Amino acid sequence: TINEEGTLHPCIISIYDGNKAWSFYSNNDVDNMFKLAFESLMHRKYKGYSVYFHNFSNFDAIFLIKHLINLGDINPIIHNGKIISIDFLYGPKGEYRLIFKDSYHLLPSSLKSLAKSFNTEYFQKDIFPFKFVNINNLDYIGKVPDYNYFDNISYEEYLNYKIKYTHNWVLKDEYIKYCEQDCKVLYQIIQRFYVLLNQQFLIDLHKYSTLPSLSFAIYRNNFLKSNTVPQLSGDIYDNIKLSYTGGSCDMYIPSFKSNNNLLYYYDVNSLYPYVMKEYPMPIGKPTYFNGNILKHNPNAFGFFYCKIITPPFLKNPILQTHIKINQSIRTVSALTTSEGYYDWIFSEELYNAEKYGYQFEILYCYTFNKGNIFKEFIDKLYNLRINYDKNNPLNYIAKILMNSHYGRYGMDDKFT
Numbered sequence: 091t092i093n094e095e096g097t098l099h100p101c102i103i104s105i106y107d108g109n110k111a112w113s114f115y116s117n118n119d120v121d122n123m124f125k126l127a128f129e130s131l132m133h134r135k136y137k138g139y140s141v142y143f144h145n146f147s148n149f150d151a152i153f154l155i156k157h158l159i160n161l162g163d164i165n166p167i168i169h170n171g172k173i174i175s176i177d178f179l180y181g182p183k184g185e186y187r188l189i190f191k192d193s194y195h196l197l198p199s200s201l202k203s204l205a206k207s208f209n210t211e212y213f214q215k216d217i218f219p220f221k222f223v224n225i226n227n228l229d230y231i232g233k234v235p236d237y238n239y240f241d242n243i244s245y246e247e248y249l250n251y252k253i254k255y256t257h258n259w260v261l262k263d264e265y266i267k268y269c270e271q272d273c274k275v276l277y278q279i280i281q282r283f284y285v286l287l288n289q290q291f292l293i294d295l296h297k298y299s300t301l302p303s304l305s306f307a308i309y310r311n312n313f314l315k316s317n318t319v320p321q322l323s324g325d326i327y328d329n330i331k332l333s334y335t336g337g338s339c340d341m342y343i344p345s346f347k348s349n350n351n352l353l354y355y356y357d358v359n360s361l362y363p364y365v366m367k368e369y370p371m372p373i374g375k376p377t378y379f380n381g382n383i384l385k386h387n388p389n390a391f392g393f394f395y396c397k398i399i400t401p402p403f404l405k406n407p408i409l410q411t412h413i414k415i416n417q418s419i420r421t422v423s424a425l426t427t428s429e430g431y432y433d434w435i436f437s438e439e440l441y442n443a444e445k446y447g448y449q450f451e452i453l454y455c456y457t458f459n460k461g462n463i464f465k466e467f468i469d470k471l472y473n474l475r476i477n478y479d480k481n482n483p484l485n486y487i488a489k490i491l492m493n494s495h496y497g498r499y500g501m502d503d504k505f506t
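Those letters in the sequence shown? Residues 91 to 506, by this note's numbering.
In structure tokens:
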């Protein structure tokens, strides 16, 4: 697209199928450009194919849907206002199917970073003067645009780029080359991702649309033991969900008393995967208990509904709760009066908070059995990170699969 006074105008569509690249270019008839581009895919040989766009949900889909509905039947999957994928049926009787997906949902990084992580042979993205393009000069032929039209390149890189053009610089040709190069990079990334996942986990990448669903499928197919993770719904799910808050990010400014002291800074590596591996998780069917369970079982494991009182001397409260402010739900770390507040809390957080002076009156709870259910899964992925350096795509794949897994278990099942 090109930006004209805040309005984005599509002007080129490029496609790559692993064998050839082709493009459609327009400076006046955008509708026909889209029609020709999609019709080039609407052949029997492409039936069942996944078609990947990088940043489809936040960008490309906005332009595509209104053109797709004129060519076939579409069935989008939308979650939290974002288009996850689109099923597109075409053919005389709608018997053929394409699936449009967002590769960013599977590989959440820039195309340039991914090309580096996956060592594609097309690693070097082309240089292009995006600031130069406007709605009136799409047919430009002439000298290479000035340096100030290029982003994120040094002047030396600009001179090396400029010296290659002993004849005219043709905007249309350069735009097509740039976009087709992006398609080839993305194709290689997806292809290598597919092969590596299949080799390591016998999983078909194209069956999944998001990274959490892919990570969950790998776990379910390779590591999940039967009768361990319960599928919760109704009041039990709604109550337990309230004990999850997230978003706790504090920054403390370090200081020291004299210049002779050293300060040490530490980066925590793979914190969520570490907790998944080392600490027990709630497994099996929940049991409801009315009253203070700790009087009968001082080591009860589960989720408690409590009256919570914060110690008055606590400078940095560690427990979070949700409150409604200006018609929206906000997460706060509350300080309280003696009246306290009421909320759900995980048993292990309760036991930890008691060390810092928190007081709890437990009213009722759900208890679970304990199980270390993620150790084998995390060990497999973390060993990939250790055994392959950062220049190997398996290192990156293991990292994103580990870090995207845990949140899947808190996913709300009540959405259209």
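Glycine residues also receive a C-beta, built at the ideal position from the N, C-alpha and C atoms.
Remember, it's a predicted structure, so these values are computed and weren't measured experimentally.
#### Entry: Cβ-heavy atom distance, Y327 to the ligand PLP, below 7 Å
Inclusion of the ligand PLP in the displayed structure is not the case, the ligand content being empty and no account of it being possible.
### Message
Quick check on the DSSP output: the alpha helix (DSSP H) that includes S113 runs from which residue to which?
### Response
In the sequence shown, the residue the question calls residue 113 occupies position 23. Where S113 is concerned, there is no enclosing alpha helix (DSSP H), although the beta strand (DSSP E) it sits in stretches over 111-115.
#### Entry: Short Cβ contact (8 Å threshold) for Q449 with I399
Indexing the sequence shown from 1 puts residue 449 at position 359. Indexing the sequence shown from 1 puts residue 399 at position 309. Cβ atoms of Q449 and I399: closer than 8 Å.
#### Entry: Assigned secondary structure, F313 (DSSP; H/G/I helix, E/B strand, else coil)
As a first step, residue 313 must be located in the sequence shown, where it is residue number 223. F313: coil per DSSP, three-state reduction.
### Query
What separation, rounded to the nearest whole angstrom, lies between the Cα atoms of G138 and K297?
Taking the first residue of the sequence shown as position 1, residue 138 is located at position 48. Taking the first residue of the sequence shown as position 1, residue 297 is located at position 207. Their backbone Cα atoms lie some 11 Å apart in a straight line.
### Simplified DSSP assignment, three categories, for C273
Reading the sequence shown from its first residue, position 183 is the one you call residue 273. Helix at C273.
### Query
Where DSSP assigns a beta bridge to G392, which residues make up the other side?
Counted from its first residue, the sequence shown places residue 392 at position 302. In DSSP, G392 forms a bridge with T457.
### C-beta atoms of F146 and F114 nearer than 8 Å
By one-based count along the sequence shown, residue 146 stands at place 56. By one-based count along the sequence shown, residue 114 stands at place 24. No, Cβ-Cβ distance for F146 and F114 is not below 8 Å.
### Task
Locate the alpha helix (DSSP H) running through N473, then write down its first and last residues.
As a first step, residue 473 is located in the sequence shown; it is residue number 383 there, counting from the start. Where N473 is concerned, the enclosing alpha helix (DSSP H) stretches over 465-477.
### Same chain, Cβ closer than 6 Å to L249, five either side skipped, listed in chain order
Here residue 249 is taken as the residue at index 159 of the sequence shown, counted from 1. There are no such residues.
### Spatial neighbours of L179 in its chain, beta-carbon cut-off 6 Å, leaving aside the 5 residues before and after
Against the sequence shown, residue 179 aligns to sequence position 89. Taken in chain order, the residues that qualify are G162, D163, R187.
### Task
Just tell me which of L196, K262, L204, S193 has its CA closest to the CA of F218.
Residue 218 sits at position 128 when you count from the first residue of the sequence shown. Selected option, being the one with the closest Cα: K262.
### Query
Do you know whose CA, among A390, Y309, Y456, N481, lies nearest I468's CA?
In the sequence shown, residue 468 corresponds to position 378, counting from 1. Comparing Cα positions, the closest option is Y309.
### Query
Can you give the Cα-Cα distance for S244 and K252, rounded to whole angstroms?
Your numbering for residue 244 matches position 154 in the sequence shown. Your numbering for residue 252 matches position 162 in the sequence shown. Their Cα atoms are separated by approximately 12 Å.
### Message
Helix, strand or coil for P483? Go by DSSP, reduced to three states.
### Response
In the sequence shown, residue 483 corresponds to position 393, counting from 1. Helix, per DSSP.
### Task
Determine the contact status of N485 and D479, defining contact as a CB-CB distance below 8 Å.
Position 395 of the sequence shown, counting from 1, holds the residue named residue 485. Position 389 of the sequence shown, counting from 1, holds the residue named residue 479. Yes.
### Query
How many Å lie between G324 and I167 at the Cα?
Within the sequence shown, the letter at position 234 stands for residue 324. Within the sequence shown, the letter at position 77 stands for residue 167. Roughly 24 Å separates the two Cα atoms.
### Message
Does the segment 267-277 come into contact with the segment 452-466, if we say contact requires no fewer than three beta-carbon pairs (one atom in each stretch) closer than 8 Å?
### Response
no
### Query
Which word fits Y142, buried or exposed, when buried means at least 16 other C-beta atoms lie within 10 angstroms of its C-beta?
The residue given as residue 142 occupies position 52 in the sequence shown. Per the 10 Å Cβ criterion, buried.
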